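Everything in the sequence shown is counted per my numbering, starting at 10 for the first residue and increasing by one.
I have placed the structure first, in the form of structure tokens, so that the comments after it can refer back to it.
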Amino acid sequence: MIRKIKTVLTFKVLIFVLVAMIVTSCSLPSRHAKAFNSKQELEAALIDSIADKTKKNTSQRKVSSSLATLIESKDPAISETHLQWIGRKEIDPMSFSHVVRSNAVIRTNWSQKWHQSEGSGTPLILLKKIQDSRFINGIGEILPVTAVVKSTEKNPKILLYDLLDPKNDQTKAPEIARDYTAPINYLTRRTKLIPKVLAIINANRYMNRIGLHRMNPYDPNKIPVILIHGFKANPRAWVNLINQLQADPKIRNRYQFWTFSYPTGIPLHYSAMRLRKELQTMQKKYNPEGKNPNLQKIVLVGHSMGGILSRLMISKSHEEIPSWIPKPINNSQSPYGTKNLATDMFLFKPQEYIGRVIFIATPHHGTKFATSTISKMINSIIQVPIEIQNSLLSGLRLNPDIPFDEAAILMKLKSIDNVSPNSYLIRSLQSEPISKTVPFHSIIGIGKFRGEGPLTNATDLVVSYQSAHLKGAKSELKVRAWHDLHKYNETITEVGNILKQHTN
């Protein structure tokens with residue numbers, strides 16, 4: 010009897026898993042629509058989409074299938090006849106390769122508000138898998154659109170609305186349905202990001218995935234907001250913030266969100282160098298003549314360790330490489346360019362295209378958490394990437410007359426040691442001037458249950474108020490929250506207010 014019950018339960022579980030797989034597969038980008046054999050078949054499908062009002066989901070599937078076929082069509086005459094693009098001229102809908110229905114995106118484990126509105130048409134996600142993956146992370150770039158089938162006597166059309174085009178804002182096109190959350194959720198679920206924990210200990214595996222990435226097609230008319238995560242995190246940390254802010258038309262119409270991804274165990278000066286080079290490459294690619302004012306107003310938003318990286322983008326370094334890094338007599342003997350890497354890491358100046366910085370829970374004066382027993386244990390097993398070790402140390406080994414403690418240097422390079430109150434990085438920050446032309450703001454956690462009173466001992470359990478406080482800030486918001494305050498509505502609202510101020 011017990012064996013029969015187990016067999017039945019096992020069978021039911023198997024059926025449940027199979028059904029779940031079938032249901033969730035509807036959002037897979039590899040599900041190509043079946044091509045129509047003729048123009049007449051396509052017209053018939055569009056007419057069916059208009060006529061089928063009884064089953065909304067079925068109608069949406071037909072619209073999605075029709076649009077996918079248009080995009081994949083080899084005959085431009087068919088596409089021009091049946092597709093009308095209502096969006097930004099810089100974007101070609103025919104350059105996308107996949108169509109996903111927004112209502113097919115899985116909504117489980119999504120705790121934040123789902124930003125959507127009812128109306129005519131079918132909210133969809135256009136997906137482009139780009140061969141040149143520069144600035145693209147994961148499955149590709151996405152674009153939220155709404156497809157509305159227009160009924161005419163001849164040649165019914167799909168009106169395709171670009172939901173990120175200010176001209177299609179709710180006030181100007183209030184009748185169409187919208188879904189701004191589905192694309193974010195879809196991309197988040199399907200993008201393979203740098204793992205939060207493994208990348209701390211073994212960064213070697215993920216060095217080639219360091220980079221600056223965008224979600225949507227680049228828009229020259231919008232200001233980039235660069236989101237930089239902190240320790241033991243990856244770009245997924247910003248999902249709540251992007252979801253909430255992109256739903257605000259005043260922000261959506263003026264800004265485009267980018268993220269910087271890096272394994273958080275590596276030296277912070279190295280991460281900062283890579284971010285600096287990524288930003289410079291971004292300028293060369295999208296603003297080669299330096300005439301786009303939007304790319305001269307870039308906003309950096311850094312949480313915790315990411316705030317330190319942001320600060321290094323607007324600071325001027327000391328004139329000399331740190332004394333604890335000996336200089337080899339003849340760098341030309343080193344195949345790794347020791348001098349160049351050390352120079353790039355430790356000698357820098359403010360990047361002139363940064364227009365504003367927002368620090369969230371940033372340990373400007375270090376954190377005592379870095380000196381705790383558990384942090385020391387983690388620090389001891391962190392591996393400094395081979396390419397950094399080789400670049401900085403190989404030249405030194407060529408000259409036996411230069412004494413140096415290799416183990417001590419490697420320990421100083423690790424990110425946890427970098428944010429210790431007595432580290433070279435934290436001490437040097439106190440004397441490295443921040444650019445006077447770049448306004449900055451602070452958002453500081455003071456503890457979730459903290460009452461009124463002096464902030465001398467206030468802390469978010471990782472960073473104290475005194476460490477996060479930075480003299481000269483244009484504004485400072487104190488949030489009753491722990492160290493993950495970048496996920497709190499109060500913090501996100503403040504970031505939104507600062508962004509609106511930035512465009513005034």
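The C-beta atom is built at its ideal place from N, Cα and C for all residues, glycine as well.
Fair warning: this is a prediction, and the values are worked out from it, not measured in the lab.
- Under the DSSP assignment, H492 falls outside any alpha helix (DSSP H); it carries neither an H nor an E label.
- Pairwise C-beta distances place the region 388-403 out of contact with the region 477-496, as fewer than three of them are shorter than 8 Å.
- Residue burial annotation: F266 is buried, with at least 16 other C-beta atoms found within 10 angstroms of its C-beta.
- One alpha carbon belongs to A467, the other to K137, and they sit about 47 Å apart.
- R365 sits close to V447, with the two beta carbons spaced by under 8 Å.
- In this chain, the alpha helix (DSSP H) harbouring P192 covers T190 to R199.
- For G505, the secondary structure class from DSSP, reduced to helix, strand or coil, is helix.
- Of the candidates A351, G375 and G149, the residue whose Cα lies closest to the Cα of L438 is G375.
- Sequence-distant partners of R261 (beyond 5 residues in either direction) whose C-beta falls short of 6 Å from its own C-beta, in its chain, are Q255.
- Residue state for F357 is assigned as coil, using DSSP reduced to three classes.
- The continuous stretches of alpha helix (DSSP H) do not include S432, and DSSP gives it neither H nor E.
- Closest by C-alpha distance to S68, out of K421, R116, T131 and I453, is T131.
- Scanning the region 416-462 from its first residue to its last, the whole alpha helix (DSSP H) runs of 4-plus residues come out as 424-427 and 433-438.
- For P372 and S106, the gap between their C-alpha atoms comes out near 44 Å.
- Apart from sequence neighbours up to five positions away, the residues of its chain that approach N112 with a beta-carbon distance below 8 Å are N66, Q69, P132, D188 and A191, ordered along the chain.
- At the C-beta level, M322 and F240 stay beyond 8 Å of one another.
- In this structure, I367 sits near V308, with a CB-CB distance shorter than 8 Å.
- With a 10 Å radius around the Cβ and a threshold of 16 neighbouring Cβ atoms, T273 comes out buried.
- Remark: fewer than three beta-carbon pairs, one from each stretch, lie closer than 8 Å, so the region 209-221 and the region 174-188 are not flagged as touching.
- In this structure, R199 is the residue among R199, L284, I395 and H492 with its C-alpha nearest to the C-alpha of I115.
- Around the Cβ of Q253, a 10 Å sphere holds 16 or more other Cβ atoms; the residue is buried.
- Annotation: the continuous beta strand (DSSP E) that includes G364 extends over I363 to I369.
- Of all C-beta pairs linking the region 412-425 to the region 294-302, fewer than three are shorter than 8 Å, placing the two stretches out of contact.
- Looking at L318, V108, K159 and K71, the one whose alpha-carbon comes closest to that of Q93 is K159.
- With respect to the 8 Å criterion, V109 and I80 are not classified as neighbours on the basis of their beta carbons.
- T155: member of the beta strand (DSSP E) spanning E150 to K159, first to last residue.
- Going by DSSP, Q121 is part of no beta strand (DSSP E) at all; its letter is neither H nor E.
- Nearest to Y170 by alpha-carbon distance, out of R223, L508, L135 and Y433, is L135.
- If you check the CB distance, L152 and P226 come in under 8 Å.
- Per DSSP, S270 lies in no alpha helix (DSSP H); the unbroken beta strand (DSSP E) holding it starts and ends at Y264 to S270.
- Within the region 200-234, complete alpha helix (DSSP H) segments of at least 4 residues are found at 207-210, given in chain order.
- K457 is the residue among P463, L508, K457 and E461 whose C-alpha sits nearest the C-alpha of L494.
- Per DSSP, the unbroken beta strand (DSSP E) holding P132 starts and ends at T131 to K137.
- Non-local beta-carbon contacts of K201 in its own chain, meaning distances under 8 Å to residues more than five positions away in sequence, involve G147 in chain order.
- Per DSSP, the beta bridge partners of W94 are L169.
- Bounds of the alpha helix (DSSP H) holding V248 are V248 to Q255.
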